[in-house]
Amino acid sequence: MKVLVIGSGGREHALAWGLNRSGSVSEVVVSPGNAGMEPATRVVPGSLLVPDVLRLAGDERPDLTVIGPEAPLVAGLADELRGNGFAVFGPNAAAAQLEGSKRYAKQFMVRHGIPTAAYQTFSEPEAALSYLESAALPVVVKDSALAAGKGVTIAHNHEQARAAVVEIFSSAPAEVVVETFLEGQELSLLVLTDGSDYRTLPPVQDYKQAFDGDRGPMTGGMGTVASAQLLDAEVLRNLVTSVVEPTLAGIRSDGMDFRGVLFIGLMLTSQGPKVLEYNVRFGDPETQTLIPLLDCDLGSLLAAVAQRRLGGFDLAWEVGASACVVMAAPGYPGRYSTGIPIDIPGDLGPEVTVFHAGTASVGGRLLSAGGRVLGVTAQASDIDAAVVRAYRAVAQISFPGAHYRTDIGGRLLQG
Ligand code: GLY
């Protein structure tokens, strides 16, 4: 197969890396891509806009197109590509509303009896501010629209809650979702589905705040650990029956075309699992830890999803664990500098892979070109060993001023 991957981040680098190792795949093309993907992958500069990607697909004639980010899914890229006869990994625009509108997702959960936090929605800032004056703290304030993982504020005082509302409505028209704060352990469960059958991926923990100890502003994700060892079999079974299956049944009964990966953000509370959010694509940096754990052909797997053949697919995972530490530009997620020279030694040790996100190659030099720059990923027999390997590799990379958390993997679940 010739596979076209749409996107330019660490997630897409991990997908391209996995596809390049697949016996079923003869060529991988990524657009817009980034410098670190070459030369293993052909990078075609471009945009994420639907007409541009349609034109590219027309030129390249891929056997399979894998859509990485959420914005083109919400804009209907999967619908348009399928309408033009292409095989696509990614849900249609109606299904992508599960991520594109937090209000829609909450209504879906209530309609289908899926456990989640109590909520209110507001389309006028005054009404939201007035409600928040007497809301119990902490309280969660979310931008209903896409916000690149940064639209959620956990407000510990009324001042923070007010500031979050003002920020969301600064790009009017907007909508805000206010939710009860949930206590517990946070976990991501990604589920591949072709609309009929499904397969769960190993659970992942994402470290979303900028600084150690889960302090500081939200980011797209500063690191992840993934392993079946994160959850015992009974907790996973409960999650599947109380969340995964009702969600997939709801998607079917609402008539959505979901051929892709559903990313379920969860809080494991003392009253059982509750859904924090749905995403309709692979996570970033969840994917950087998951793809190296896959013990089968990624190309065949994604094609089986796209062609509704997942039921017959024999999905296998390595028994070990995987960790990813994100090295970000100084200042991220606020204003950050670019153009910082980066040196990555050729040999960082066994089972270590550096996935590139915001990098560029200028005159043969590798330079930082974004907020999240590298995802340094390692596998080992258990989570602690994978984390040690990843940090050992981070220490060998020259990236002056790089910002990274030093506690990825330090918040492990209790079985
Ligand atoms: N790491 C969180 C996300 O991909 O949304």
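FYI, the numbering for the sequence shown is 15 to 429, going by my numbering. Note that CB positions come from ideal geometry on N, CA and C, so glycine has one too. Please read these numbers as outputs of a predicted model, since none were measured by experiment.
Check                                                                                                                                                                                   : Outcome
Since Tyr294 contacts Leu87 with CB under 8 Å, what's their CB separation in whole angstroms?                                                                                           : The identity of residue 294 in the sequence shown is Val, whereas the question assumes Tyr. The pair is a contact, with the Cβ atoms about 6 Å apart (cut-off 8 Å).
So, Val275 versus Val179, is the Cβ gap smaller than 9 Å?                                                                                                                               : no
Considering only residues of the same chain and omitting the five flanking positions on each side of Arg117, which have a CB-CB separation below 8 Å?                                   : Thr135, Ser158, Glu189, Val191
Measure the beta-carbon distance from Gly23 to Leu308 and round it to whole angstroms, keeping in mind my assumption that it falls under 8 Å.                                           : Not quite, the Cβ-Cβ distance comes to about 19 Å (not below 8 Å), so this is no contact.
Locate the beta strand (DSSP E) running through His370, then write down its first and last residues.                                                                                    : 366–370
Determine the direct distance from the alpha carbon of Gly377 to that of Thr214, and round the result to whole angstroms.                                                               : 43 Å
Taking just the CA atoms, how far does Leu91 sit from Val17?                                                                                                                            : 16 Å
Of the choices Asn48, Ser202, Thr391, whose alpha-carbon is the least far from that of Val258?                                                                                          : Ser202
Determine the direct distance from the alpha carbon of Met341 to that of Val408, and round the result to whole angstroms.                                                               : 8 Å
Considering only residues of the region 255–298, which uninterrupted alpha helix (DSSP H) runs meet the minimum length of 4 residues and lie entirely inside it, listed in chain order? : 259–267
Mind checking which residues open and close the alpha helix (DSSP H) that includes Leu29?                                                                                               : 24–34
Report the rounded CA-to-CA distance for Phe225 versus Gly114, giving the unit in angstroms.                                                                                            : 27 Å
Can you find at least 3 beta carbon pairs, one from the region 353–369 and one from the region 399–418, that sit closer than 8 Å?                                                       : yes
Could you give the uninterrupted runs of the beta strand (DSSP E) lying entirely in the region 64–114, keeping only those of 3 residues or more?                                        : 78–81
Below 8 Å, is the gap between the Cβ of Leu262 and the nearest heavy atom of the ligand SAM?                                                                                            : Questions concerning the ligand SAM fall outside what the structure shown contains, since the ligands it does hold are the ligand GLY.
List the whole-angstrom C-beta distance separating Gly389 from Phe413, where the pair is believed to meet the contact cut-off of C-beta under 8 Å.                                      : Actually they are not in contact, since the Cβ atoms of Gly389 and Phe413 sit about 13 Å apart, beyond 8 Å.
Can you give, in chain order, each stretch of the beta strand (DSSP E) that sits fully within the region 205–258 and has at least 3 residues?                                           : 212–214, 218–220, 223–225, 229–232, 237–241
How would you call Cys310, buried or exposed, if buried means at least 16 neighbouring beta carbons within 10 angstroms?                                                                : exposed
Under 8 Å: does the beta carbon of Asp228 sit that close to some heavy atom of the ligand GLY?                                                                                          : no
Heavy atom of the ligand GLY less than 8 Å from the Cβ of Phe277, yes or no?                                                                                                            : yes
Report whether the distance from the Cβ of Thr261 to the nearest heavy atom of the ligand GLY is below 8 Å.                                                                             : no
Following a CB-centred definition, is Gly297 positioned closer than 8 Å to any heavy atom of the ligand GLY?                                                                            : yes
Got a sec, what are the start and stop residues for the alpha helix (DSSP H) Thr167 sits in?                                                                                            : Thr167 -> not in any alpha helix (DSSP H); beta strand (DSSP E) instead, spanning 166–169.
Can you list, in chain order, the residues of its chain with a C-beta nearer than 6 Å to that of Leu312? Leave out the 5 residues immediately preceding and following it.               : Gly32, Leu33, Ser36
Buried or exposed: where does Asn171 fall if 16 or more other Cβ atoms within 10 Å of its Cβ makes it buried?                                                                           : exposed
Would you kindly check if the distance between the Cβ of Tyr221 and the Cβ of Asp421 is under 9 Å?                                                                                      : yes
In the DSSP assignment, what are the bridge partners of Arg178?                                                                                                                         : A quick correction: the sequence has Ala, not Arg, at residue 178. The partner list for Ala178 (beta bridge, DSSP) is empty, contrary to what the question assumes.
With DSSP collapsed to three states, give me the class of Ser137.                                                                                                                       : coil
On the CB-based measure, 16 or more other CB atoms within 10 Å of its CB, does Gly429 come out buried or exposed?                                                                       : In this prediction, Gly429 scores a pLDDT of 41, lower than 50, which makes its location untrustworthy; the coordinate-derived value is nonetheless stated afterwards. Label assigned to Gly429: exposed.
Roughly how far, in whole angstroms, is the beta-carbon of Ala335 from the beta-carbon of Gln219, given that I think they are within contact range, below 8 Å?                          : 11 Å between Cβ atoms; not a contact.
Please determine whether the Cβ atom of Glu300 lies at a distance below 8 Å from any heavy atom of the ligand GLY.                                                                      : yes
Classify Val191 as helix, strand or coil using the three-state DSSP reduction.                                                                                                          : strand
I need the boundaries of the alpha helix (DSSP H) containing Met123, first residue and last residue.                                                                                    : 116–125
Along the beta strand (DSSP E) that carries Glu41, what are the first and last residues, could you check?                                                                               : 41–46
Assign Gln410 to one of three DSSP states: helix, strand, or coil.                                                                                                                      : helix
Beta-carbon within less than 7 Å of Leu62's beta-carbon, same chain only, minus the 5 sequence neighbours each way: which residues are those?                                           : Ile20, Pro83, Ala85, Pro86
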